[in-house]
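Numbering (my numbering), first residue to last: 15 to 131.
A virtual CB, placed ideally from N, CA and C, is assigned to each residue, including glycine.
No experiment lies behind these values; they were computed from the predicted model shown.
For reference, the structure is listed below as structure tokens.
Following this line, the structure appears as structure tokens:
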């Protein structure tokens with residue numbers, strides 16, 4: 015593997031790491047939203063009156079309609095988390111394969127008596 019090729023692979027690994035970090039941050043944000051939705055749904059079970067925050071104001075809302083909205087938002091959030099999980103696995107697999115390529119080539123270069131930088 016040429017030095018340029020190795021450097022390119024290392025850049026790919028760095029980009030994959032950055033992508034994984036971004037995906038993790040998005041996933042954590044969505045998981046927090048999911049927890050908030052679950053808490054709100056649980057809170058609605060024990061009440062007869064339901065309030066919804068609209069801007070900076072809480073307004074009385076239909077409990078059933080609010081539960082439906084929250085359930086829909088929960089399903090959407092779960093789907094987004096599942097999508098991020100898929101992207102995360104794909105990115106991790108690609109990074110692992112690239113890392114193996116780099117390590118194998120470096121190993122072969124060292125066996126051939128070449129020096130790597």
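Beyond the five residues adjoining it in sequence on each side, residue 24 comes within less than 8 Å, by CB distance, of 116 in the same chain, given in chain order. Within 10 angstroms of the beta-carbon of residue 67 lie fewer than 16 other beta-carbons, which makes it exposed. Annotation for residue 122: the continuous alpha helix (DSSP H) segment containing it runs 77–125. Per DSSP, residue 60 lies in no alpha helix (DSSP H) segment and is marked neither H nor E. Note on geometry: alpha-carbon atoms of residue 85 and residue 62 lie some 18 Å from one another.
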